[in-house]
Amino acid sequence: MAGSDWRDRYGTEGGGPRPASLGVMARVFSEDGLGKWALYAPTVFVILFFIVPTALTVVWSFFERTMFWMEPGFTLFSYVNFFTSARFENFLFSMLHSSVSVVVSFVVGFPIAVFVRRHVPTVAQHRVILLFILPFMVSEIIRTFMLRPVLGRNGLVNTFLTDLGVISEPITQILFTPTGVIIGEVLSFLPFIVFSGFLAMEAVPKYIFEVCQDLGASRWRTFWDIIVPLAAPGIFAGSVFIFVNGIGVALIPSILGGPGAVNAGLIATQAIIALDIPLAMAVSAIMMVTLFGLLAIGHRLFNLTKILEPQA
Amino acid sequence: MNETKDIAIEVVGLSKSYGPVRALRSVDIAIGRNEYFVLLGPSGGGKTTLLRMIGGFTKPTAGRILLHGVDVAHLPPDKRPTCMVFQSYALFPHMTVAGNVGYGLKLKGMSKAEIQVRLDAVLEMVGLNGYQARMPWELSGGQQQRVQLARALVLEPEILLLDEPLAALDEQLRKDMCIWLKHLQERVGITFIHVTHNQEEAMSVADRIALIADGELVECGDARQVYRTPARRFTASFMGESNLLDGTVAEVSGDGTVTVDVGIARVAVPSADATAGIQAAVSVRSEAMRLIPRDQAQGADEQALDAIYQEEIYLGLMTRQIMALPNGQTISVRSVSDDDEAPAFQAGDAVRVVWKTAAGRLHLS
Amino acid sequence: MQDDYANIWGIRLQWAYLLAVVFVLMVPVFYNLYISFNEFGFGAARYEFTLDWYGVIFTDRLLTGAMGWTLALALVTVVFVVPMGLLTAKLFKQAGRRLKLTVVAVMLLPLFVPADIFASALLVFFKQLNRIFQTVAEMTGIGAFETWFELGFMTAVIGLIIYTIPYVFIVILITMGRYRAEQTEAARSCGATAWRAFWDVEFPQIRAGVFSSCAFTVILAFNEYVRTSTLKGGFDTFTSVLVSQMLNIGMSEQSYAMGGLISAVAITVIGSIIVFTLVRTDRLQRIERAKAQPVGAD
Numbered sequence: 001m002a003g004s005d006w007r008d009r010y011g012t013e014g015g016g017p018r019p020a021s022l023g024v025m026a027r028v029f030s031e032d033g034l035g036k037w038a039l040y041a042p043t044v045f046v047i048l049f050f051i052v053p054t055a056l057t058v059v060w061s062f063f064e065r066t067m068f069w070m071e072p073g074f075t076l077f078s079y080v081n082f083f084t085s086a087r088f089e090n091f092l093f094s095m096l097h098s099s100v101s102v103v104v105s106f107v108v109g110f111p112i113a114v115f116v117r118r119h120v121p122t123v124a125q126h127r128v129i130l131l132f133i134l135p136f137m138v139s140e141i142i143r144t145f146m147l148r149p150v151l152g153r154n155g156l157v158n159t160f161l162t163d164l165g166v167i168s169e170p171i172t173q174i175l176f177t178p179t180g181v182i183i184g185e186v187l188s189f190l191p192f193i194v195f196s197g198f199l200a201m202e203a204v205p206k207y208i209f210e211v212c213q214d215l216g217a218s219r220w221r222t223f224w225d226i227i228v229p230l231a232a233p234g235i236f237a238g239s240v241f242i243f244v245n246g247i248g249v250a251l252i253p254s255i256l257g258g259p260g261a262v263n264a265g266l267i268a269t270q271a272i273i274a275l276d277i278p279l280a281m282a283v284s285a286i287m288m289v290t291l292f293g294l295l296a297i298g299h300r301l302f303n304l305t306k307i308l309e310p311q312a
Numbered sequence: 313m314n315e316t317k318d319i320a321i322e323v324v325g326l327s328k329s330y331g332p333v334r335a336l337r338s339v340d341i342a343i344g345r346n347e348y349f350v351l352l353g354p355s356g357g358g359k360t361t362l363l364r365m366i367g368g369f370t371k372p373t374a375g376r377i378l379l380h381g382v383d384v385a386h387l388p389p390d391k392r393p394t395c396m397v398f399q400s401y402a403l404f405p406h407m408t409v410a411g412n413v414g415y416g417l418k419l420k421g422m423s424k425a426e427i428q429v430r431l432d433a434v435l436e437m438v439g440l441n442g443y444q445a446r447m448p449w450e451l452s453g454g455q456q457q458r459v460q461l462a463r464a465l466v467l468e469p470e471i472l473l474l475d476e477p478l479a480a481l482d483e484q485l486r487k488d489m490c491i492w493l494k495h496l497q498e499r500v501g502i503t504f505i506h507v508t509h510n511q512e513e514a515m516s517v518a519d520r521i522a523l524i525a526d527g528e529l530v531e532c533g534d535a536r537q538v539y540r541t542p543a544r545r546f547t548a549s550f551m552g553e554s555n556l557l558d559g560t561v562a563e564v565s566g567d568g569t570v571t572v573d574v575g576i577a578r579v580a581v582p583s584a585d586a587t588a589g590i591q592a593a594v595s596v597r598s599e600a601m602r603l604i605p606r607d608q609a610q611g612a613d614e615q616a617l618d619a620i621y622q623e624e625i626y627l628g629l630m631t632r633q634i635m636a637l638p639n640g641q642t643i644s645v646r647s648v649s650d651d652d653e654a655p656a657f658q659a660g661d662a663v664r665v666v667w668k669t670a671a672g673r674l675h676l677s
Numbered sequence: 678m679q680d681d682y683a684n685i686w687g688i689r690l691q692w693a694y695l696l697a698v699v700f701v702l703m704v705p706v707f708y709n710l711y712i713s714f715n716e717f718g719f720g721a722a723r724y725e726f727t728l729d730w731y732g733v734i735f736t737d738r739l740l741t742g743a744m745g746w747t748l749a750l751a752l753v754t755v756v757f758v759v760p761m762g763l764l765t766a767k768l769f770k771q772a773g774r775r776l777k778l779t780v781v782a783v784m785l786l787p788l789f790v791p792a793d794i795f796a797s798a799l800l801v802f803f804k805q806l807n808r809i810f811q812t813v814a815e816m817t818g819i820g821a822f823e824t825w826f827e828l829g830f831m832t833a834v835i836g837l838i839i840y841t842i843p844y845v846f847i848v849i850l851i852t853m854g855r856y857r858a859e860q861t862e863a864a865r866s867c868g869a870t871a872w873r874a875f876w877d878v879e880f881p882q883i884r885a886g887v888f889s890s891c892a893f894t895v896i897l898a899f900n901e902y903v904r905t906s907t908l909k910g911g912f913d914t915f916t917s918v919l920v921s922q923m924l925n926i927g928m929s930e931q932s933y934a935m936g937g938l939i940s941a942v943a944i945t946v947i948g949s950i951i952v953f954t955l956v957r958t959d960r961l962q963r964i965e966r967a968k969a970q971p972v973g974a975d
């Protein structure tokens with residue numbers, strides 16, 4: 001037997017020859033101190049450059065405004081400024097538009113997730129869902145800006161409808177109205193309800209559909225009594241995403257909305273440009289509280305960890 | 313196989329805790345060189361944890377692992393003279409059989425020609441010559457396990473660790489592989505440590521068996537000895553099929569037997585040392601018992617218990633008869649099936665269960 | 678499992694609906710491409726195919742410079758974010774339940790925070806850090822980190838890393854999900870160090886996920902506007918030039934061509950990944966079938 005060669009092996013450093021240039025990575029992947037900590041580094045990075053800044057927005061929102069920046073202090077001025085001006089009204093309207101976008105996205109998108117889960121063979125399901133990545137991978141700048149020529153006076157939709165003879169006068173009531181904003185939001189965020197809905201539907205075993213059929217449940221009852229409750233965590237996560245982005249992404253209302261279409265993202269951006277830093281931070285803080293409040297409620301209701309947990 | 317007194321592995325006070333959960337509690341085992349050693353026990357009992365600590369995949373919380381007297385507890389698996397065979401899924405799916413088996417040699421920096429020679433030799437040994445170019449998914453479960461063995465053996469380890477190597481195989485194949493493994497171990501003459509929850513598998517390959525349950529070493533000994541004369545109550549309940557009677561030691565007589573009060577009766581069991589009044593259990597293997605009508609007397613060298621006949625279950629080779637004792641406990645008696653006989657008893661019949669006094673075993677723990 | 682009694686036309690109708698939704702989502706992109714190839718631009722009565730507008734992009738010095746910066750940002754982001762995603766996925770695999778949830782929550786949170794809020798918070802954070810460092814430098818004379826977080830290439834990269842890491846993490850985690858940890862242990866048992874085991878055995882099996890996440894990252898970084906333009910400081914990127922053109926001059930023929938170019942690149946890359954995945958799944962399915970019928974008896 002290989003009498004003593006393992007004893008030679010165990011005194012030496014590495015296990016066999018390896019290119020020197022890989023030395024660093026080799027250290028990173030070894031189980032000793034350095035390697036162990038390297039695994040945590042990215043998480044620490046995200047906490048440091050994302051969680052900490054977003055949490056600090058709450059602190060900064062109470063700072064005093066100075067000419068070009070802000071200074072430590074405690075004042076509710078920014079909040080008063082936000083809640084007593086037209087900004088708050090705009091904010092509430094953007095919430096309303098956002099809610100409509102959530103409902104429309106759910107109605108349009110969620111049935112797709114159910115359909116894919118139910119009727120597409122298991123191996124092909126992910127590929128079909130992958131189709132919805134495609135629009136998402138095109139810059140939202142382009143998708144949003146292009147809605148102007150698409151929906152505009154002599155744009156695609158109007159030309160098409162006029163050519164068909166459906167309308168005689170171009171429709172001009174879409175662009176620069178809340179409808180335009182909602183269309184923009186739905187087209188931008190729809191893929192997310194399909195993704196999260198599909199993830200949630202993976203938790204619904206396929207035999208459920210057969211059981212329901214066997215018990216004589218109608219499609220409608222199956223949908224509301226079985227599918228929606230089981231997929232609730234995913235539906236909720238997707239809805240929160242759309243809602244929060246609807247009130248937080250400045251681009252859509254600023255390109256597609258009319259003069260009054262101002263949401264939280266736009267208020268924050270404008271405040272930064274106007275060098276009212278505490279106001280921008282107050283708006284950010286309100287957004288973060290809204291987001292975490294919704295996630296907390298969702299977690300209490302549906303235990304969101306179910307979808308967070310293992311796709312792996 | 314354990315004619316040499318050489319100790320290959322010694323485990324001293326080995327413990328593993330996962331937070332408050334103690335997976336293994338201070339286990340001591342010595343395993344001889346060239347021994348086929350089996351770690352047997354129910355799932356979740358800690359046997360795999362022990363094997364993984366010997367292999368270097370799990371770090372012990374406390375204790376020492378001595379390989380030929382050198383403590384290796386701090387070393388990673390690649391620096392130990394051990395090699396592991398896993399239950400399944402452990403072949404590299406993107407490499408051919410030759411790639412898999414030759415991987416360890418390649419790491420050692422061996423020349424291609426030499427790898428080729430050793431590769432062919434080891435594949436010949438496991439009966440897979442000609443399979444060099446196959447991919448793992450082109451092999452059956454048994455062949456995959458033999459590739460795993462070849463991959464381990466080609467490195468000429470001093471100790472081969474097998475973690476439930478046959479668990480994913482079907483019944484018949486597992487039986488064949490057991491015999492094959494035993495012969496292989498005799499041929500290569502190195503230490504095999506084999507983990508299994510299957511008692512028959514353990515009996516058919518082992519020189520010695522260690523029974524591990526609830527994180528503790530219950531009993532360790534020669535395979536036959538563990539089966540025939542288990543020292544602990546747990547061993548008796550786990551190995552084979554035994555009837556257990558709990559009670560207290562009533563009397564210690566000079567002739568090497570002890571009388572145990574099991575509540576409904578007193579039974580005598582052979583034993584060397586016991587003190588009256590302590591808790592004890594008596595076990596008798598179900599095939600060592602037989603059934604007689606209540607009005608018939610047992611032999612002079614036999615013990616008996618009154619029981620009520622309940623039912624008979626035909627198992628093919630064996631037939632199992634089930635009785636109830638007056639205290640409600642059931643007793644099962646197995647015997648080789650008679651083809652032509654109608655059942656000798658009806659449900660509700662008063663019967664006696666008898667066994668040779670020498671077949672009884674006393675367990676003080 | 679197929680439902681033999683299902684109405685085949687009902688299913689076809691649902692398929693048609695699904696494809697129609699994807700098509701509608703893509704309409705702005707297709708329309709953009711359509712306009713960009715018209716010599717007479719948007720809204721013109723005549724349509725004549727031309728590639729001239731694309732030619733204009735490559736002769737515009739401002740644009741080619743912006744393109745260079747964008748590419749540099751995208752590549753540097755990839756270099757950092759992909760190993761980061763890989764490490765985090767490894768951490769996730771070996772973590773206990775609580776740590777797993779923390780890691781997933783931290784990694785996925787950037788996905789939920791809207792771009793403008795994200796950008797404002799980070800902008801103020803960097804500026805504030807900078808002010809603190811400057812004050813420290815004035816007081817102590819230690820100027821070593823005075824310019825660390827001045828807005829520039831690095832802050833833009835940090836923003837992009839945070840933005841792309843959720844996607845990278847998820848994609849790598851999903852590919853790693855199919856990997857069996859026993860194989861790493863088997864490799865270790867054969868004498869491989871942790872690194873060799875990763876490189877020889879695990880990496881070849883998750884390579885597809887790593888490459889796809891590289892492609893995703895490049896595309897996301899290329900497309901990103903709000904975070905990059907807020908955090909980048911002085912230089913121009915492709916999207917910032919595009920947006921300032923659209924806002925200041927309006928939609929010119931050149932901006933349609935820029936939009937068309939960037940969409941075409943993204944669609945080509947993602948399209949080829951999808952096609953590649955299709956081919957791969959087919960291969961995996963064949964393997965699956967082969968497994969069901971092993972070659973040769975035991």
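Line by line, the protein sequences are chains A, B and C. Taking our numbering as reference, the numbering of the first sequence is continuous, increasing by one, and the terminal residue is 312. Taking our numbering as reference, the numbering of the second sequence is continuous, increasing by one, and the terminal residue is 677. Taking our numbering as reference, the numbering of the third sequence is continuous, increasing by one, and the terminal residue is 975. Backbone N, C-alpha and C fix where the C-beta goes; we use that ideal spot for every residue, glycine too. All values derive from a computational prediction rather than experimental measurement.
Pairwise C-alpha distance: A:Y40 and A:L22: Against the first sequence, residue 22 of chain A aligns to sequence position 22. Against the first sequence, residue 40 of chain A aligns to sequence position 40. Because the pLDDT of A:L22 is 49, which lies under 50, any placement of that residue in the model is unreliable, and the number read from its coordinates should be weighed accordingly. Each residue's Cα considered, the two are about 20 Å apart.
From the DSSP output, read off the bridge partner residues of B:S647. By one-based count along the second sequence, residue 647 of chain B stands at place 335. In DSSP, B:S647 forms a bridge with B:T631.
Which of the three DSSP states is assigned to C:Y902 in this structure? Numbered from 1 along the third sequence, position 225 holds the residue referred to as residue 902 of chain C. Assignment of C:Y902 by DSSP, reduced to helix, strand and coil, places it in the coil class.
Hey, out of A:S239, A:G234 and A:E202, whose CA is closest to A:V186's CA? Start at 1 with the first residue of the first sequence, and residue 186 of chain A comes out as number 186. Out of A:S239, A:G234 and A:E202, A:S239 has the C-alpha closest to the C-alpha of A:V186.
Using the Cα positions of B:M447 and C:L961, report the straight-line distance between them to the nearest angstrom. As a first step, residue 447 of chain B must be located in the second sequence, where it is residue number 135. As a first step, residue 961 of chain C must be located in the third sequence, where it is residue number 284. Between B:M447 and C:L961, the C-alpha separation is close to 13 Å.
Relative to the C-alpha of C:T727, which candidate in C:A697, C:T736, C:I712 and C:P791 has its C-alpha closest? Your numbering for residue 727 of chain C matches position 50 in the third sequence. Here the closest residue by C-alpha is C:I712.
Is A:M70 helix, strand or coil when you go by DSSP? To locate residue 70 of chain A, count along the first sequence from 1; it is residue 70. The three-state reading of DSSP puts A:M70 in strand, counting E and B together.
Does the separation of the CB atoms of C:Y902 and A:I141 fall below 8 Å? As a working mapping, residue 902 of chain C is identified with position 225 in the third sequence. As a working mapping, residue 141 of chain A is identified with position 141 in the first sequence. Less than 8 Å divides the Cβ of C:Y902 from the Cβ of A:I141.
Ordered along the chain, which non-local residues of its own chain (more than five positions away) have a Cβ less than 7 Å from that of A:D276? Reading the first sequence from its first residue, position 276 is the one you call residue 276 of chain A. Within the same chain, A:D276 has close Cβ partners R65.
Selection from B:Y330, B:T361, B:Q399 and B:V339 that minimises the alpha carbon distance to B:E683: Residue 683 of chain B is absent from the model: chain B starts at 313 and stops at 677.
Are the Cβ atoms of B:T361 and B:S329 separated by less than 8 Å? One-based indexing of the second sequence puts residue 361 of chain B at position 49. One-based indexing of the second sequence puts residue 329 of chain B at position 17. No, these two residues do not count as a Cβ contact at 8 Å.
Which parts of the segment 594–634 of chain B are runs of the beta strand (DSSP E), unbroken and 3 residues or longer, counting only runs that do not cross its ends? Given a length threshold of 3 residues, each whole run of the beta strand (DSSP E) inside the segment 594–634 of chain B is given here in chain order: 601–605 and 614–626.
Kindly list, in the order they appear in chain A, the residues whose Cβ is closer than 9 Å to that of C:T914. Locating residue 914 of chain C in the third sequence gives position 237, counting from the first residue. Listed along chain A is no residue with a C-beta nearer than 9 Å to that of C:T914; the closest approach is about 11 Å.
Helix, strand or coil: which one does DSSP assign to B:I319? To locate residue 319 of chain B, count along the second sequence from 1; it is residue 7. In the three-state reduction of the DSSP assignment, B:I319 falls in the strand class, which pools E and B.
What do you get for B:K424, buried or exposed, if any count of 16 or more other CB atoms within 10 angstroms of its CB means buried? Numbered from its first residue, the second sequence carries residue 424 of chain B at position 112. Per the 10 Å Cβ criterion, exposed.
Closest to B:Q428 by C-alpha separation, out of B:G414, B:L472 and B:L440, would be which residue? Within the second sequence, the letter at position 116 stands for residue 428 of chain B. Closest in alpha carbon position to B:Q428, among B:G414, B:L472 and B:L440, is B:G414.
Spatial neighbours of B:V384 within its chain, please: CB distance less than 6 Å, with the 5 preceding and 5 following residues excluded, ordered by chain position. Working through the second sequence from its first residue, we reach residue 384 of chain B at position 72. So the qualifying residues of the chain are I377 and R392.
Could you name the residues of the segment 114–130 of chain A whose beta carbon sits closer than 7 Å to any beta carbon of chain C, in the order they occur along the chain? Of all residues in the segment 114–130 of chain A, F115, H119, V123, R127 and L130 have a Cβ within less than 7 Å of some Cβ in chain C.
Nonlocal neighbours in the same chain, by C-beta distance under 7 Å from B:E322, ignoring five residues either side: Numbered from 1 along the second sequence, position 10 holds the residue referred to as residue 322 of chain B. Excluding residues within five positions, the ones whose Cβ falls inside 7 Å are A342 and L378.
Between the Cα of A:L134 and the Cα atoms of C:A943, C:E827, C:D959 and C:V956, which residue gives the shortest distance? Position 134 of the first sequence, counted from the start, is the residue given in the question as residue 134 of chain A. Nearest Cα to A:L134 within the set C:A943, C:E827, C:D959 and C:V956: C:A943.
With distance defined between alpha-carbon atoms, name the residue in C:V895, C:F899 and C:Y694 nearest to A:V107. If you number the first sequence from 1, residue 107 of chain A lands on position 107. Distance check between A:V107 and each of C:V895, C:F899 and C:Y694 places C:Y694 closest, using alpha-carbon atoms only.
On the CB-based measure, 16 or more other CB atoms within 10 Å of its CB, does A:L76 come out buried or exposed? In the first sequence, counting from the first residue as 1, residue 76 of chain A sits at position 76. With fewer than 16 other Cβ atoms within 10 Å, it is exposed.
Is B:V538 near the ligand ADP, with its Cβ less than 7 Å from a heavy atom? The ligand ADP is absent from the structure shown, which contains no ligand whatsoever.
Please tell me whether B:F404 has its Cβ less than 8 Å away from any Cβ of chain C. As a working note, residue 404 of chain B is residue 92 in the second sequence. For B:F404, the answer is yes, since a Cβ of chain C falls inside 8 Å of its Cβ.
Contact list for C:Q860 against chain B, beta-carbon separation under 9 Å: By one-based count along the third sequence, residue 860 of chain C stands at place 183. For C:Q860, the chain B residues whose C-beta falls within less than 9 Å of its own C-beta are F398, Y401, A402, L403, F404 and P405, listed in chain order.
Taking DSSP as the reference, what is the three-state secondary structure of B:Q399? Residue numbering aside, residue 399 of chain B sits at position 87 when the second sequence is read from its first letter. Residue state for B:Q399 is assigned as coil, using DSSP reduced to three classes.
Chain C beta carbons: is any one of them nearer than 8 Å to that of B:L379? Stepping through the second sequence from its first residue, residue 379 of chain B is reached at position 67. No, because no Cβ of chain C sits closer than 8 Å to the Cβ of B:L379.
Coil, strand or helix - A:V249 by DSSP: On the first sequence, position 249 is the one that residue 249 of chain A refers to. The answer is coil: DSSP assigns A:V249 none of H, G, I, E or B.
C-alpha gap between A:D225 and A:R127, whole angstroms: Here residue 225 of chain A is taken as the residue at index 225 of the first sequence, counted from 1. Here residue 127 of chain A is taken as the residue at index 127 of the first sequence, counted from 1. About 28 Å.
Can you find at least 3 beta carbon pairs, one from the segment 819–826 of chain C and one from the segment 883–890 of chain C, that sit closer than 8 Å? Contact between the segment 819–826 of chain C and the segment 883–890 of chain C is absent, with fewer than three C-beta pairs closer than 8 Å.
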